[in-house]
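Residue numbers (the numbering used here), protein chains in the order written: chain A, 1275 to 1389; chain B, 179 to 289. Where a beta carbon is used, it is the ideal one built from N, C-alpha and C, also for glycine.
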Amino acid sequence: EPEVTQTPSHQVTQMGQEVILRCVPISNHLYFYWYRQILGQKVEFLVSFYNNEISEKSEIFDDQFSVERPDGSNFTLKIRSTKLEDSAMYFCASSEKGTGSYGYTFGSGTRLTVV
Amino acid sequence: GEDVEQSLFLSVREGDSSVINCTYTDSSSTYLYWYKQEPGAGLQLLTYIFSNMDMKQDQRLTVLLNKKDKHLSLRIADTQTGDSAIYFCAERTPSGYALNFGKGTSLLVTP
């Protein structure tokens, strides 16, 4: 079954450093998403991306965050200057269409630890 | 935004039925989902229900939707130890792109 692949599985970074989280969505999917889950809290939407542009973003997704689809297969989330509170599990997801009946396929996540 | 509410923990014996409840926030939500998360893994879509349905059955899973009370439930029949995981309820936001998740219900199935 097709999978969404995320790398690395765990990243430790120093506060103030830039990090890039990488995702390979399912090949025929057109919509891409990032979510995060702070330990013990709910999964929160960050951003959706379609047709090479952001289609929706949450209040969490401020100027420190950016997304990019640098080639035909990768989808990245960049955090420019990490803060301690950015420590979380970051999930990438993709969907074939934006409509809800198709659901969303999530990756296994990248655990980001900011020290 | 408002919270999707779920009870945090449920423990059942193997072979019994499990019922996980959820209260969602937006009466205009068109799609509601149940996701499963096993330790160290991502979120796996279990099932979804469209808002014009009251019930959906898929093998051991039964989803009930009460739109008036904005209440969603997931029943797992003949629960197995392999069903032990965290179960997330989610609603599709009016924009159509984002999912609004609950905090998850941790299901423990004991032999």
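Around the C-beta of B:M231, fewer than 16 other C-beta atoms lie within 10 Å, and the residue is accordingly described as exposed.
For B:M233, the enclosing beta strand (DSSP E) starts and ends at 233-236.
For A:K1352, same chain residues with a beta-carbon under 6 Å away, outside a window of 5 residues either side, are I1294, S1340 in chain order. Neighbours of A:S1340 in chain B, taken as residues at a C-beta separation under 8 Å, are lacking, since the least C-beta distance is about 18 Å. Under the Cβ criterion of 8 Å, B:L221 is counted among the residues facing chain A. When secondary structure is reduced to three states using DSSP, B:G280 falls in the strand class.
A:T1356 sits in coil when the DSSP states are folded into three classes, being neither helix nor strand. Going by C-alpha positions, B:K245 is about 45 Å away from A:M1289. Within chain A, the C-beta atoms nearer than 9 Å to that of B:L277 come from Y1307, Y1309, V1317, F1319, A1367, G1374, Y1378, in chain order. Within chain A, V1317 have C-beta atoms less than 7 Å from the C-beta of B:F266, given in sequence order. B:Q222: member of the beta strand (DSSP E) spanning 221-228, first to last residue. Think of a sphere of 9 Å around the beta carbon of A:E1370: no beta carbon from chain B falls inside it, the nearest being about 12 Å out. The shortest C-alpha to C-alpha distance from A:T1356 to any of A:G1381, A:F1335, A:G1383 is the one to A:F1335. Judged by DSSP in its simplified three-state form, B:T259 adopts helix. Shown here, A:F1335 sits in coil according to DSSP, grouped into three states, outside any helix or strand.
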